[in-house]
Amino acid sequence: MLETLINFSLLDYEQEIEFVKMKKKIRYILLEYIVPTEEAQVLFLINGGMGLTKPPKVEQWEGLIEICLMDNDISELPISPSCPKLRKSFLERNYKLRIITPSFFDNMPALQVLNLSRTSIKSLPESLFKLFNLRRLFLNRCVLITTLSPEVGELKQLEVLDLEGTEIMILPKEVGQLTNLTCLEISFFEPTSRRSLKQSREIIPCGAISALYLLEELNIDTSYDDKRWNASAEEVISELCRLQWLHTLKVYLPKVEFLSYFNWNEEKMVFPSLSYFKFTVGHHVEHIISRLSSDTELELERHDRYLRYVNGEGAPGDIKKVLRHSTALFLDRNSTISKLSDFGCRNMMQLKCLVAGQCNNLQAIIDGNQIESSSSDATVGLISLEYMHIYYMKNLSSIWEGPVNNSSFNLLKYLILRKCPELTNVFTPGLLANFSNLEELTIHDCPKITSLAAVSCRCDLRAAVSCLYDLKADVSCRGYDL
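Each step along the sequence shown adds one to the number in the UniProt record's numbering, with nothing skipped, and position 243 is 243.
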């Protein structure tokens, strides 16, 4: 939906800071359409993106039901404006806003939506916790916030609490009192001092998550090296699996075994019934520099069901079960796997995006013999794959070995091969026809590749020439011949 609105120039997309906003002209037109102009001037104050350095005068606040001051340079707010009817307040991306006076929200009893995202505030004022009608609170990317007051439990009507990108050290147990929450997004910051670490051993108090029985969306963002999360993750996972309505989950699982709590089976997840998930599984070393380009990371992130398996060994059964439901896989630094098809070709049928790197024992992407032995169904394999990026593979010698499956790679549009020193060719004559939809082929630092297609006889050569001629991909590589 957002893409459609952007394409029709109804919304502006700011890629660098990842947000969309409505064009001013469109906003004013809609406002006039929904509310008569004179009445709109009384009820709405729309001053977003106006370059303001000071807030509107106090007398302008009274009687408003909505105030929009986002994307300005406001550094201070009134002490206690009188806004008895105010329902929505948008103050996000006022980066110079550092302090909100303790009494600022005293006279806003009807406030339901408050957005303070990407401001420079360090704490929340006392009066905020008296907003008993507040339903949505956004503090996204407020990087200076390190604590959340236990008084947050007073906001009983809260449905959305967005703390992603903050540097909160622990979640207060009083969050468990927010039983109307449907969406919780939170980022945790690992304490650097021993004293702080001792004071915050329990990153999420026992029972806090399971108490939020209406929760539909949950995002827990933690440091991969945070020992507190590694120690408590299993308990938290067991709690969130009791949430009957949960459909969206983003979480880091230090151990593969924790996946078993979700009760995956071959056809669907028995409980909970997740429609969207982003799992990072395995012992992730945070200080290791990522070799992925930003384009590839964005490609992975755009998928609804994304599995990232890092620093693992082989193809564990629990990973296979999750993979069956995944549309994107990032296999990073697997130490023992020799073929990606070891995960089971039937389990990769929904994959649209496949990224694999630094798996030093990997010799081939697909072994056709594994497809034949796993099923007689000709449609088994990488039948949905559209994007494949393979990089830093020391021993990768072929993309495909063994009998060719006619369905795999048929939808592939983008193929990227980087730093594969043992790879000698990309296609075989029998495999070439499968790449009929390939739009872009990129080969970098693969010194042994001397030809795109391996041919062993004149017949193979004619077939290869014919298929390569029909190939509609843009090719970027160093030195190849036909």
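Every residue, glycine too, gets a C-beta built ideally from N, C-alpha and C.
Residue of the options minimising C-alpha distance to residue i
{"i": "F279", "options": "A233, W229, Y306, L331", "result": "Y306"}
{"i": "L114", "options": "S398, K88, R98, F105", "result": "K88"}
{"i": "F44", "options": "Q60, M50, T53", "result": "Q60"}
{"i": "I74", "options": "K96, A315, V143, I67", "result": "K96"}
{"i": "S187", "options": "D295, G49, L148, S407", "result": "L148"}
{"i": "E297", "options": "K255, N410, A356, R333", "result": "A356"}
{"i": "L218", "options": "L240, A211, A231", "result": "L240"}
{"i": "H444", "options": "T428, P429, L431, P421", "result": "P421"}
{"i": "T394", "options": "L385, Y224, P55, L417", "result": "The question names Thr, but residue 394 in the sequence shown is Lys. It is L417."}
{"i": "V281", "options": "F104, E313, K419", "result": "E313"}
{"i": "M348", "options": "D332, I383, P316", "result": "I383"}
{"i": "K419", "options": "S408, Q358, E167", "result": "Q358"}
{"i": "I203", "options": "N180, L181, E235, E216", "result": "E235"}
{"i": "N72", "options": "K85, P56, L131, Q244", "result": "P56"}
{"i": "L362", "options": "L431, R93, N334", "result": "N334"}
{"i": "P205", "options": "D225, P172, Y224, P191", "result": "P172"}
C-alpha distance - residue i paired with residue j, whole-angstrom precision
{"i": "S338", "j": "I319", "result": "16 angstroms"}
{"i": "G176", "j": "I220", "result": "15 angstroms"}
{"i": "L259", "j": "V322", "result": "8 angstroms"}
{"i": "G207", "j": "A433", "result": "56 angstroms"}
{"i": "D106", "j": "L158", "result": "18 angstroms"}
{"i": "E185", "j": "S238", "result": "18 angstroms"}
{"i": "L438", "j": "S293", "result": "20 angstroms"}
{"i": "Y387", "j": "S127", "result": "50 angstroms"}
{"i": "R302", "j": "Q370", "result": "30 angstroms"}
{"i": "I67", "j": "G48", "result": "9 angstroms"}
{"i": "P81", "j": "H247", "result": "39 angstroms"}
{"i": "I209", "j": "Q112", "result": "23 angstroms"}
{"i": "V160", "j": "Y391", "result": "40 angstroms"}
{"i": "I399", "j": "T336", "result": "18 angstroms"}
{"i": "S397", "j": "V256", "result": "29 angstroms"}
{"i": "C353", "j": "T327", "result": "6 angstroms"}
{"i": "L482", "j": "L452", "result": "Confidence at L482 is low in this model, with a pLDDT of 41, below 50, so its placement is unreliable and no value can be given for it."}
{"i": "L415", "j": "L385", "result": "10 angstroms"}
{"i": "C345", "j": "E76", "result": "59 angstroms"}
{"i": "S232", "j": "L253", "result": "11 angstroms"}
{"i": "Y480", "j": "I449", "result": "Interpretation of Y480 is limited by its pLDDT of 48, a score under 50 that renders its predicted location unreliable; no figure is taken from the coordinates."}
{"i": "F189", "j": "V426", "result": "44 angstroms"}
{"i": "D342", "j": "R324", "result": "13 angstroms"}
{"i": "E174", "j": "E154", "result": "8 angstroms"}
{"i": "L116", "j": "H284", "result": "32 angstroms"}
The alpha helix (DSSP H) enclosing residue i, as first and last residue numbers
{"i": "W264", "result": "Note, W264: premise wrong, no alpha helix (DSSP H); not H, not E."}
{"i": "S232", "result": "227-240"}
{"i": "V322", "result": "317-323"}
Reduced DSSP category for residue i - H, G, I as helix; E, B as strand; rest coil
{"i": "C446", "result": "coil"}
{"i": "N115", "result": "strand"}
{"i": "F343", "result": "helix"}
{"i": "T296", "result": "helix"}
{"i": "F435", "result": "helix"}
{"i": "V256", "result": "helix"}
{"i": "M50", "result": "coil"}
{"i": "L441", "result": "strand"}
{"i": "L243", "result": "coil"}
{"i": "F129", "result": "helix"}
{"i": "M388", "result": "strand"}
{"i": "G165", "result": "strand"}
{"i": "I371", "result": "helix"}
{"i": "L461", "result": "Here L461 scores only 48 on pLDDT, less than 50, and its place in the model is too uncertain to base an answer on."}
{"i": "E154", "result": "helix"}
{"i": "V175", "result": "helix"}
Delimiting residues of the beta strand (DSSP E) encompassing residue i
{"i": "D367", "result": "364-367"}
{"i": "L45", "result": "44-46"}
{"i": "L184", "result": "183-188"}
{"i": "E59", "result": "From DSSP, E59 is part of no beta strand (DSSP E) but of the alpha helix (DSSP H) over 58-61."}
{"i": "G314", "result": "Note, G314: premise wrong, no beta strand (DSSP E); not H, not E."}
{"i": "K278", "result": "276-281"}
{"i": "E422", "result": "Element bounds for E422: n/a, residue is neither H nor E."}
{"i": "S398", "result": "398-401"}
{"i": "V355", "result": "353-357"}
{"i": "F138", "result": "136-138"}
{"i": "E66", "result": "66-68"}
{"i": "D221", "result": "217-221"}
Whole-Å CB distance - residue i paired with residue j, under 8 angstroms assumed
{"i": "F138", "j": "D162", "result": "5 angstroms"}
{"i": "P403", "j": "G381", "result": "About 11 angstroms separates the two Cβ atoms, so there is no contact after all."}
{"i": "N140", "j": "R118", "result": "7 angstroms"}
{"i": "C142", "j": "I170", "result": "C142 to I170, Cβ: 16 angstroms. No contact."}
{"i": "I100", "j": "P125", "result": "5 angstroms"}
{"i": "T179", "j": "A211", "result": "7 angstroms"}
{"i": "D295", "j": "V310", "result": "D295 to V310, Cβ: 20 angstroms. No contact."}
Minimum Cβ-Cβ distance from residue i to chain B less than 7 angstroms
{"i": "S397", "result": "Any reference to chain B falls outside this structure, which holds one protein chain only."}
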